[in-house]
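Asker: Have a look at this one before I ask anything.
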Amino acid sequence: MNVSVFGLGYVGVVTSACLVRDGFAVTGVDVNADKVAMVSEGQAPIIELGLSELLKAGVGSGRLTATTSAVDAVGRTDVSLVCVGTPSADDGSLDLTYVYKVCEDIGRSIARHGRPHVVILRSTVRPGTTVRCRQILQDHSAGVPVHIAFNPEFLREGSAIRDFDGPPYTVIGTEDADAERAVRALYAGVDAPFLVMAPAEAELVKATANAWHATKIVFANEIGRLAKAHNVNGRDVMETLKKDTKLNISPSYLSPGFAYGGSCLPKDVRALIAVGASKDVELPLLRALAESNRAQIDLALKQVLALGKQRIGLLGVAFKPGTDDLRESPGVILTHELMERGLEIRIFDEAVHTATLMGSNKRFIEHAMPRLPDLLVDSADELLGYAEALVITHGSAHLRAVVERGGPEVPVVDLAGLFDTPPKGTMYDGIAW
4 MNVSVFGLGY VGVVTSACLV RDGFAVTGVD VNADKVAMVS EGQAPIIELG LSELLKAGVG
64 SGRLTATTSA VDAVGRTDVS LVCVGTPSAD DGSLDLTYVY KVCEDIGRSI ARHGRPHVVI
124 LRSTVRPGTT VRCRQILQDH SAGVPVHIAF NPEFLREGSA IRDFDGPPYT VIGTEDADAE
184 RAVRALYAGV DAPFLVMAPA EAELVKATAN AWHATKIVFA NEIGRLAKAH NVNGRDVMET
244 LKKDTKLNIS PSYLSPGFAY GGSCLPKDVR ALIAVGASKD VELPLLRALA ESNRAQIDLA
304 LKQVLALGKQ RIGLLGVAFK PGTDDLRESP GVILTHELME RGLEIRIFDE AVHTATLMGS
364 NKRFIEHAMP RLPDLLVDSA DELLGYAEAL VITHGSAHLR AVVERGGPEV PVVDLAGLFD
424 TPPKGTMYDG IAW
């Protein structure tokens, strides 16, 4: 394929250089004539290790050219990559002006040349942008077929070429087979799995990855501040944390679902905050955890109330399956909030038997929900016979059959991700899917 790359900023020029190195003929496009001139001469408009050498080699081979003309670029290529900037607007949102303008230019150029074309968005955009760009392209291409995909980049400044060659995966956001084939062809030489998904999902993956990286940095820095205030080496603390690849550095706890609870997480987060306060160390991220956790419970409450049902059956009330620990369980909090609003609740939890609760667990529930013994039922069938709606708080696989026995007339709110796809014939809603 011959490829045009719109936008010769950081992402565009690195992508151009790597694709040329991999054997593609690339035409760089930018409205800035100075950038175009530099790339045409094999000079890097940015500082990036190894980039100048790739650009010089590309120009020397004749496979890398640059222009300010969208019409010329589209006319000589099969695929266009959109790598223009998306700066922050005044309200914090992404300014997509350049993305939309480039799509208009590409669409008009496609109409002029009359050949089908593939457009691949690489710019960081908000969910829904690919769909809108597809419409813009179609509006301006005079009926000539246009195929589009979103392909986010994960390039870090200073290691961009290495990141291009060794990404964790290659995301393809499209429902267009021709666009998917084009992206696969571009990165056929890259040793990374392809992940194909809906465009909006792919668009959100990019922003989510960056937010997660920012969260890790802030978290590590807060622990560092806390450690130093107590004459502890924060780097040593975090190095120890990183050595646990079963829970700490792993996929564990990273799937959306119900709020956290139990005897450890709520208590220990509060304790860390208190330790910081004792030394006047500000920990805003840790402070925000409880607020965000409560927001998840409030969202669950809103979803259940929206069903408009009076008798609610909960599948699970302990803070997680396989335990009878009710301390600070989000299921207990949700039950209390529903009852406060006049709903009638029954609960089936195989591990919870109030007669055997002991110690702090018993004291907690006697204070938080003394009526719990009256709410528990002995079997799933008893719960199904009572409930007008089901709320899943536990992700135990055997509960799927219980939900399916409820039938289509019993709506379900899934807070635990018990179902990957909604059970057939059931009015189903997940808390984050």
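For what it's worth, my numbering labels the leading residue of the sequence shown as 4, then goes sequentially. Every residue gets a Cβ at the ideal spot worked out from N, C-alpha and C, and that includes glycine.
1) Count the C-beta pairs between the region 212 to 226 and the region 185 to 195 that are closer than 8 Å, then say yes if the count reaches three, no if not.
2) Please state whether the Cβ-Cβ distance between Val272 and Ala293 is less than 8 Å.
3) State the Cα-Cα distance for the pair Lys323 and Phe167, rounded to the nearest angstrom.
4) From the DSSP output, which residues share a beta bridge with Val85?
5) Look at the alpha carbon of Thr100 and the alpha carbon of Pro196, and state the distance between them as a whole number of angstroms.
6) To the nearest angstrom, report how far apart Gly110 and Gly146 are at their CA atoms.
7) Determine the DSSP secondary structure at Arg349, reduced to helix, strand or coil.
8) By the DSSP assignment, the beta strand (DSSP E) with Val415 in it spans what residues?
9) Pick from Val102, Val16, His401, Gly95: whose alpha carbon is nearest that of Gly61?
10) Once DSSP output is grouped into helix, strand and coil, what is the label at Ser91?
11) If you run the structure through DSSP and keep just helix, strand and coil, what is Ala145?
12) How would you label Tyr172, buried or exposed, when you count the other beta carbons within 10 angstroms and need 16 or more for buried?
13) Could you have a look at Leu379 and say whether DSSP puts it in helix, strand or coil?
14) Could you have a look at Leu244 and say whether DSSP puts it in helix, strand or coil?
15) Can you check DSSP and say which residues form a bridge with Ile315?
16) Buried or exposed: His120, going by 16 or more other Cβ atoms within 10 Å of its Cβ?
17) Go through its chain and collect everything with a Cβ distance to Leu375's Cβ below 7 Å, but skip five positions before and after it.
18) So what does DSSP say about Ala400, is it helix, strand or coil?
19) Roughly how many angstroms lie between the CA atoms of Gly192 and Ile164, to the nearest whole one?
Answerer: This is what the structure holds:
1) no
2) Taking the first residue of the sequence shown as 1, we reach residue 272 at position 269. Taking the first residue of the sequence shown as 1, we reach residue 293 at position 290. Cβ distance < 8 Å, so Val272 and Ala293 count as in contact.
3) On the sequence shown, residue 323 is found 320 positions in, with the first residue counted as 1. On the sequence shown, residue 167 is found 164 positions in, with the first residue counted as 1. Lys323 and Phe167: Cα-Cα distance of roughly 41 Å.
4) Along the sequence shown, read from residue 1 onward, the residue named residue 85 stands at position 82. The partner list for Val85 (beta bridge, DSSP) reads Phe9, Leu124.
5) The residue given as residue 100 occupies position 97 in the sequence shown. The residue given as residue 196 occupies position 193 in the sequence shown. Taking the straight line joining both Cα atoms gives about 32 Å.
6) For this step, residue 110 is matched to residue 107 along the sequence shown. For this step, residue 146 is matched to residue 143 along the sequence shown. Taking the straight line joining both Cα atoms gives about 10 Å.
7) Here residue 349 corresponds to residue number 346 of the sequence shown, with the count starting at 1. The answer is strand: DSSP assigns Arg349 an E or B state.
8) Counted from its first residue, the sequence shown places residue 415 at position 412. Per DSSP, Val415 belongs to the beta strand (DSSP E) from 415 to 417.
9) As a working mapping, residue 61 is identified with position 58 in the sequence shown. Checked all of Val102, Val16, His401, Gly95; the closest Cα to Gly61 is Val16.
10) In the sequence shown, the residue the question calls residue 91 occupies position 88. Reduced to three states, the DSSP call for Ser91 is strand.
11) For the purposes of this step, residue 145 is taken as residue 142 along the sequence shown, with counting starting at 1. Coil at Ala145, not helix or strand.
12) Within the sequence shown, the letter at position 169 stands for residue 172. Classification of Tyr172: exposed, given that the 10 Å Cβ count is below 16.
13) Within the sequence shown, numbered from 1, the residue matching residue 379 stands at position 376. In the structure shown, Leu379 sits in a strand (DSSP, three-state: E or B).
14) Position 241 of the sequence shown, counting from 1, holds the residue named residue 244. Residue state, collapsed to three classes: helix.
15) Residue 315 sits at position 312 when you count from the first residue of the sequence shown. DSSP, once it has assigned bridges, lists Ile348, Ala392 as partnering Ile315.
16) The residue you call residue 120 lines up with position 117 of the sequence shown. So His120 counts as buried.
17) Taking the sequence shown and counting its residues from 1, one reaches residue 375 at position 372. Excluding residues within five positions, the ones whose Cβ falls inside 7 Å are Thr357, Ile368.
18) Taking the sequence shown and counting its residues from 1, the one referred to as residue 400 is at position 397. The answer is coil: DSSP assigns Ala400 none of H, G, I, E or B.
19) Here residue 192 refers to the residue found at position 189 of the sequence shown. Here residue 164 refers to the residue found at position 161 of the sequence shown. Those two C-alpha atoms are separated by around 14 Å.
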